[in-house]
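Colleague: The number in this note's numbering is simply the position in the sequence shown, starting from 1, with 13 added. C-beta atoms are modelled at their ideal positions from N, C-alpha and C, and glycine is treated no differently.
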Amino acid sequence: MSAFRTIWTTEDNYVEVIDQRKLPHEWVVEKLVSYKDAERAIKDMVVRGAPLIGATAAYGVYLAAREGANMEEAFAALRASRPTAVNLFWALDRMQRALDNAENLVETAWTEAGNIVEDDVETCRMIGVHGLPLIEALSQQKNGETVHILTHCNAGMLGCIEWGTISSPIYQAVQKGIKVHVWVDETRPRLQGANLTAYELTRHNVPHTLIVDNQGGHLMQHGMVDMCIVGTDRTTRIGDVANKIGTYLKALAAHDNQIPFYVALPSTTLDWTISDGLKEIPIEQRNQDEVRWVVGKSKATGKLDEVLICPETTQASNYGFDVTPARLVTALITERGVCAASEEGLLSLFPEQRK
Ligand code: MRU
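#1: Using 7 Å as the cut-off, classify the Cβ of G333 as near or not near the heavy atoms of ligand 1, replying yes or no.
#2: Run the proximity test for N167: is its beta-carbon closer than 7 Å to any non-hydrogen atom belonging to ligand 1?
#3: Taking 7 Å as the cut-off, is the C-beta of D370 nearer than that to any heavy atom in ligand 1?
#4: Does DSSP put M139 in a helix, in a strand, or in coil?
#5: Cβ of Q205 within 7 Å of any heavy atom in ligand 1?
#6: Should I322 be labelled buried (16 or more other beta-carbon atoms within 10 Å of its own) or exposed?
#7: Whose CA, out of H231, L362, K316 and A329, lies closest to the CA of W40?
#8: What number of angstroms, rounded off, separates the C-alpha of K292 from the C-alpha of A313?
#9: Note down the Cα distance separating L112 from I129, rounded to an integer number of angstroms.
#10: Give me the DSSP bridge partner(s) of Y332.
#11: Alpha carbons only, please: which of L118, D133, A126 and R53 is nearest the one belonging to R95?
#12: For N256, which beta-bridge partners are listed by DSSP?
#13: Return the chain-ordered list of same chain residues with a C-beta closer than 6 Å to the C-beta of Q205, the five sequence neighbours on each side being excluded.
#14: Indicate the three-state DSSP secondary structure (helix, strand or coil) for E348 in the structure shown.
#15: At a threshold of 7 Å, does D246 count as lining ligand 1 (C-beta to nearest heavy atom)?
#16: The alpha helix (DSSP H) that contains K49, what's its start and end?
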């Protein structure tokens, strides 16, 4: 679907990723040659987005096997790289299971990491297949007028391998000739909306407008948003959704204005072991300097630069994610179909998870 993927292997069987910290201004490719490179890429957000974090960790296991590292240490380091996106733990568990009875660790890890990547591509494509009718229905209700979709953070292809989760229905709608327009929350402090979502929508010719994070409520009150779609880093078995900080406020505003609020997710983002998102999902706290300093292209030099936006001594708080309770989610869009954000809804699509 896309002209590029977010992670790929090289001729000498190493792994390459795009340094997403530099987008949209610079296209820098980083080669990962050891598991520590993969660990650092996840920790420092060279790569980010739940499915891509999982895929990178999977290749981290392969790199550990290839360099003859202590596998226990490698697994532990990769597990500790970021706490909230459950795909990381899902991918590492899947790699562990594959390696448990493997004769050749390197070959098995290579194959399994490749499978994780290919599975994600197909999963995201299917999220699009199931999400498309929701956009199509709104378009029909509006007699073919533009459907305005609000999104937060980046749950596009850059957070996955190809297609993305929220972007898959949008790209498939555009391919079908449905008129859409995306309101892109800039997503402070790391600006995944401004830097990444706007970038990939531009590359895919999808009409969009960048907005400050606090604008959504106003747009919703004035009938300028037809639907919201966001991604998730971890969704509980009852449908509580952890996603980038600020998602909850969008869900509240959508609820108050009777605007459908959808969450698009691969089943790899479901954490069947927990129910209460507020109590049980670990919320990452990142360095306060991500809030105090803004990174962007300097007007003066045309190069990437950092600018302090508060007094030198002001301290900042930086929770990376928040939890949107299931009651505020209109429906979940998964690779198996669309369901209510509830245990019964999820179990109707994933009956194998019944206890
Ligand atoms: O901190 P990030 O950039 O890794 O956070 C990403 C998100 O919150 C995404 O919305 C989520 O991972 C879904 S990606 C398909």
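Modeller: Per the coordinate set shown:
#1: yes
#2: yes
#3: The requested residue 370 does not occur in the structure, where the chain is confined to residues 14 to 368.
#4: helix
#5: yes
#6: exposed
#7: K316
#8: 46 Å
#9: 14 Å
#10: Q298
#11: R53
#12: D335
#13: C166 and N167
#14: coil
#15: yes
#16: Y48 to K56
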